[in-house]
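Step one of this worksheet: look at the structure below.
Protein chains in written order, with my numbering: chain A, 1 to 338; chain B, 339 to 426.
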């Protein structure tokens, strides 16, 4: 009888872990679409012309997070969860998620864009693509997360795949502040890796649906209050909102809201290491969407990178039973004194 | 006292009523969250699974009043530490 109950309990937990992996896989599929739609929006007026390499993407990122916040508010209102946002902001785990928002939003994204500006897209994308490995390492250290050797191999293959896809030979002469650019790309990887661990820590006690709404809202506010004034981007933002209806960015914001929601669910349900590595499959999906929606050329290194990511993702999802306990035994030890 | 987020309240209830079955936890939370549209037996079950996955609670199978085994939840040491850290 007790064994039957244990088996039932294990089956329920296994189904929960599988759902976490499914959310992680969906993250990549929707995030890939988000990137392609946002890319199309940023390639059109008013982001072209006078908008510099730096201001345009940051204004686009701010608007993207603003729309994502709005979509998530609508989602949480429909689910009857709006009061939870207020309750969550009053407790410390909610404030921890605010910190995660700063790490991933303005710090991660600004570092990434400065990396592209000063070191070129090839190095910035390749270096920032290591964020799942950084996040996994931080999760093992700070959250005592259990990651098997096979899952580590999968995470590293996903990272290598993302680097292979993003890399193309740069022209070093074009970048006089190359070292600064590399440092900024490393900052982006640390910001994004740090975000996942800090938010997962907060989500131990609060819901992912609420955490991501707060994350996007705080990120938007930090862009509006700090980043956009600092770069003088309000003019461009006004132009984007008034002169041309920002339907594409609103659409990208919808994709962003969905993909971030799925990502936070997978971080909470399947663990930081697996959630992050599965999110990197967005690179693979972005190739598919780009081939369909734009005139993107499929090259040999894109295919090689996609294969690495695909094999890595398979290694990660291969054995969901490993997810029955996400944390190491000393963290999740059965409470003897209970 | 202002309401806590539901997941925190589920952990608090497990600590206070340990060992507590899903039904007991739901009944204990219903007077506080009963008017929330999000509140349902499934919502409580999902939060219990989430807390279990990150090792803040675990399951036990004590005998109930009628002598039947029933699954119930107890906090882990990590769960108790985390709760005392975040709720004064």
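Even for Gly, the Cβ is constructed at its ideal location relative to N, Cα and C. Keep in mind the model is a prediction, meaning the values are calculated, not measured.
Taking C-beta separations shorter than 7 Å and ignoring five residues to either side along the sequence, the partners of residue 327 (chain A) in its chain run 143, 144, 145 and 146, following chain order. One Cα belongs to residue 233 (chain A), the other to residue 59 (chain A), and the distance between them is close to 6 Å. A straight-line Cα-Cα distance of about 32 Å links residue 372 (chain B) and residue 66 (chain A). Straight through space, the alpha carbons of residue 248 (chain A) and residue 211 (chain A) are spaced by roughly 25 Å. One Cα belongs to residue 40 (chain A), the other to residue 286 (chain A), and the distance between them is close to 12 Å. The Cβ of residue 207 (chain A) sits closer than 7 Å to at least one Cβ of chain B. One finds nothing in chain A with a Cβ atom closer than 7 Å to the Cβ of residue 339 (chain B); even the nearest lies about 11 Å away. Contact check for residue 84 (chain A) and residue 207 (chain A): beta-carbon distance about 7 Å, within the 8 Å limit, so the pair qualifies.
Linking residue 401 (chain B) to residue 408 (chain B) through their CA atoms gives a straight-line distance of about 6 Å. The Cβ atoms of residue 375 (chain B) and residue 161 (chain A) do not sit closer than 7 Å to each other. Taken through DSSP and simplified to helix, strand or coil, residue 206 (chain A) comes out as coil.
Just measuring C-alpha positions, the residue of A:124, A:223 and A:229 sitting nearest residue 188 (chain A) is A:124. Counting along the chain, residue 413 (chain B) sits inside the beta strand (DSSP E) bounded by residues 410-413. Residue 3 (chain A) counts as exposed, since fewer than 16 other beta carbons sit within 10 angstroms of its beta carbon. Between the stretch 354-363 of chain B and the stretch 190-208 of chain A there are fewer than three inter-stretch CB-CB distances shorter than 8 Å, so the stretches are not counted as touching.
Contact check for residue 28 (chain A) and residue 281 (chain A): beta-carbon distance about 3 Å, within the 8 Å limit, so the pair qualifies. Comparing C-alpha distances from residue 361 (chain B) to each of B:390, B:420, B:378 and B:423 shows the shortest one belongs to B:378.
Straight-line measurement puts the Cα of residue 339 (chain B) at about 44 Å from the Cα of residue 32 (chain A). For residue 110 (chain A), the uninterrupted alpha helix (DSSP H) segment begins and ends at 109-119.
DSSP places residue 360 (chain B) within a helical segment (H, G or I) once states are collapsed to three. Take the alpha-carbon of residue 266 (chain A) and the one of residue 177 (chain A): they are about 38 Å apart. Residues of chain B with a Cβ closer than 7 Å to the Cβ of residue 93 (chain A) are, in chain order, 424. With fewer than 16 other Cβ atoms from the protein chains shown falling within 10 Å of its own Cβ, residue 86 (chain A) counts as exposed.
Residue 231 (chain A) sits close to residue 55 (chain A), with the two beta carbons spaced by under 7 Å.
Annotation for residue 69 (chain A): the continuous alpha helix (DSSP H) segment containing it runs 55-78. Contact between the stretch 298-316 of chain A and the stretch 245-264 of chain A is not established, with fewer than three Cβ pairs separated by less than 8 Å. Residue contact check for residue 327 (chain A) against chain B: a CB pair falls below 7 Å. Rounded to whole angstroms, the gap between the alpha carbons of residue 157 (chain A) and residue 309 (chain A) is 6 Å.
Looking from the CA of residue 241 (chain A), the closest CA among A:37, A:45 and A:7 belongs to A:45.
For residue 108 (chain A) and residue 403 (chain B), the gap between their C-alpha atoms comes out near 55 Å.
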